[in-house]
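Novice: I'd like to ask you about the structure that follows.
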Amino acid sequence: MAKQITCECGTVIRGESDEEVVAGAESHMREDHPELVGQVTRDDLLGRIEEV
């Protein structure tokens, strides 16, 4: 089953595993929300993952 995180900006990051989604979300943060780097933890991201 696919997994995803929906960013507050509306971007949806999808993957087949938690690791894929977290990696995609971290990349999205670095590119589009650099002010959040270091503030949002891996555990924060894991807690936002939804199964779709």
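Take 1387 as the starting number for the sequence shown in this note's numbering and just add one per residue. For glycine and all other residues, C-beta sits at the position ideal for the given N, C-alpha and C.
Could you tell me which of A1411, G1424, E1421, E1405 sits nearest to G1396, measuring between CA atoms?
Specialist: Cα-wise, what sits closest to G1396 is A1411.
Novice: Go through its chain and collect everything with a Cβ distance to V1438's Cβ below 8 angstroms, but skip five positions before and after it.
Specialist: Correct list, in chain order: M1387, A1388, K1389, Q1390, R1400.
Novice: From the DSSP output, read off the bridge partner residues of I1399.
Specialist: Bridge partners of I1399: I1391.
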